[in-house]
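Numbering (this note's numbering), first residue to last: 6 to 564. In this text, a Cβ means the ideal position worked out from N, Cα and C, and glycines have one as well. Quick caveat: nothing in here was measured; it's all calculated off a predicted structure.
Below is the structure:
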């Protein structure tokens, strides 16, 4: 007896050591993560995305988009996936998805940003409160391969499930036990028949519901997150926490007896859990609870969505503050009808960007040599408009502009799947911009690179001049880059001519990337051939051909 007692003490000591060790390791990991949040705040975002993880970042956006949003062409033209990854410091899936939604749906009407700015600024300047909120969001974590909205859709696809059959079988099972005291034979017969039926039904239904239980687990983490946020007692987000608390109260029935389905000890080998598993199998307790929880979730999807929205919004407030710290040089936009003006505007993906000032009075036609900076300038203008209207942050010393609907046609390709040539893809892309101008709404900010480059020179200049003229006369601004200097003269009454230029220094070409007034006066294509080592006979003949064309306005037949 003493030996057994001693053995039990040793087992208990080992269990105690195991739990204490686990608690210590967990505290160490939490402390290390907390230090990382402080020391790496505002540093380059090093998060790596798995393909399946990034594929559902747009789930919240797809559920909530309405009215104007950045279309796929504009999103891809502006490299917005890279911009998103640069600023995504979010700690939860709700934050990831809400940030994506904001970038895809820039505001297009005058808005009050005061409350937003107060909260972003607060967490930027209150490290203790910021870290506490980040830790709370980190505990909520991410959903993995799928969005919570994917899970909710799957649950809805199950339809309404009835527990009547299981409840009736349980009643018969209990009645058969009582019947044994009256008539043992009949009681045993009914008991074993019902027991076999229950086990068979359980194994069938359990296999159906197992893949859906993950969604409940994440929902529990969302509900637990509300309790974590309530502990913070941060007045600046008191309204959000109060609303979350009220929403959570509607899930009291959902959480009650959830242990029957969500027991964390299942599959652990624990003897009590094994015994409870047999009880579940016989009486279908977890299946009945699952059906009840399913009904509750389907009836309260709106409340779940609202909780995710609030949590995502809180996460993004921290995200924007950290992104501003990373940028170092940024400004808070101001809004003025019919304006687009900025000082020291730059592109955040460039390591050493050259900053330019703009004061847009009318649409702009941008000329310049290859690689001189035209396309980057277009993207810089468009991107900062998106940032101003989505996260209220711009990469500039100052920014004053209207609210715009932003469209671009910059980096098109042939579409072999739809059978579209480059030219067909191009005219479809430009047509969608012209259609946007025709619709009521905020002014359009349009960006086009090399209009109709996919066709011959005469028709390109003829058609593009008319298209650009139409765009310049509509509601908004158009910024177009071109190599066709003829357009600068044809459209001088409709577009302001600006350009980028280059210089040849020490047999090398140098680009300052500074925006200049007027049309381009230099060309570098032939000079680049010489710099790259082409035979001088080729470059000299090409240069002479170009000079003779400028004098005679016709091409000579080569000997």
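Can you check DSSP and say which residues form a bridge with residue i?
| i | result |
| --- | --- |
| residue 372 | 504 |
| residue 348 | 403 |
| residue 521 | 504 |
| residue 363 | 347 |
| residue 513 | 510 |
| residue 481 | 449 |
Helix, strand or coil for residue i, going by three-state DSSP, please let me know.
| i | result |
| --- | --- |
| residue 421 | Here the model assigns residue 421 a pLDDT of 43, short of 50, so the residue's position is not dependable, and the following value carries that caveat. Here residue 421 sits in coil by DSSP. |
| residue 410 | strand |
| residue 529 | coil |
| residue 450 | strand |
| residue 269 | Low confidence applies here, because residue 269 scores a pLDDT of 47, under 50, leaving its location unreliable; read the following figure in that light. Residue 269 falls in the coil class under three-state DSSP. |
| residue 146 | coil |
| residue 5 | Residue coverage of the chain in this structure runs from 6 to 564, which leaves residue 5 outside it and unanswerable. |
| residue 274 | Low local confidence applies: a pLDDT of 46 at residue 274 is under 50, so the model's placement there is unreliable, and no value is given. |
| residue 342 | coil |
| residue 177 | helix |
| residue 118 | coil |
| residue 546 | helix |
| residue 63 | coil |
| residue 486 | strand |
| residue 357 | coil |
| residue 84 | coil |
| residue 72 | coil |
Apart from the five residues just before and just after residue i, which ones in its own chain have a Cβ nearer than 8 Å to its Cβ?
| i | result |
| --- | --- |
| residue 138 | 128, 234, 237, 239, 242, 319, 323 |
| residue 568 | What is shown of the chain runs 6 to 564, which leaves residue 568 out entirely. |
| residue 275 | Summary for residue 275: the model assigns pLDDT 49, below 50, so the residue's position carries little reliability; its value from the coordinates is reported in the next sentence. Contacts found: none. |
| residue 432 | 457 |
| residue 81 | 416 |
| residue 390 | 111, 345, 406, 409, 411, 450 |
Can you tell me the Cβ-Cβ gap for residue i and residue j, rounded? I've got them flagged as a contact below 8 Å.
| i | j | result |
| --- | --- | --- |
| residue 214 | residue 292 | 7 Å |
| residue 222 | residue 145 | Not confirmed; about 12 Å, so no contact. |
| residue 449 | residue 435 | Not really, about 12 Å apart at Cβ, beyond 8 Å. |
| residue 52 | residue 97 | That belief does not hold up - the Cβ atoms of residue 52 and residue 97 are roughly 13 Å apart, past 8 Å. |
| residue 173 | residue 39 | Wrong, their Cβ atoms sit about 53 Å apart, outside the cutoff. |
| residue 107 | residue 85 | Wrong, their Cβ atoms sit about 12 Å apart, outside the cutoff. |
| residue 487 | residue 386 | Residue 487 to residue 386, Cβ: 16 Å. No contact. |
Here's a check: name, in chain order, each residue in its chain whose Cβ is nearer than 6 Å to the Cβ of residue i, leaving out the five neighbours to either side.
| i | result |
| --- | --- |
| residue 134 | 239 |
| residue 378 | 505, 518 |
| residue 349 | 360, 401, 402 |
| residue 150 | 57 |
| residue 253 | 228, 231 |
| residue 388 | 83 |
| residue 358 | 351, 352 |
| residue 412 | 79, 438, 441, 451 |
| residue 195 | 181 |
| residue 362 | 348 |
I'd like to know whether the C-beta of residue i is nearer than 9 Å to at least one C-beta of chain C.
| i | result |
| --- | --- |
| residue 436 | Reference to chain C is not applicable here, since this structure consists of a single protein chain. |
Could you name the residues of the same chain whose beta carbon sits closer than 7 Å to that of residue i, not counting the 5 residues immediately before and after it, in chain order?
| i | result |
| --- | --- |
| residue 272 | Here the model assigns residue 272 a pLDDT of 45, short of 50, so the residue's position is not dependable, and the following value carries that caveat. Excluding positions up to five away in sequence, the list is empty. |
| residue 315 | 245, 248, 249 |
| residue 365 | 345, 346, 482 |
Contact between the stretch 248-260 and the stretch 330-340: three or more CB pairs below 8 Å?
no
Determine contact between the stretch 200-210 and the stretch 78-95, defined as no fewer than three beta-carbon pairs at a distance below 8 Å.
no
Stretch pair the stretch 462-469 + the stretch 481-497: three plus CB contacts closer than 8 Å
yes
Does the count of Cβ pairs from the stretch 525-539 and the stretch 506-515 closer than 8 Å reach three?
yes
The stretch 395-404 / the stretch 336-346 touching (three or more Cβ pairs under 8 Å):
yes
Okay, do the stretch 31-48 and the stretch 57-66 touch, 3+ Cβ pairs below 8 Å being the bar?
no
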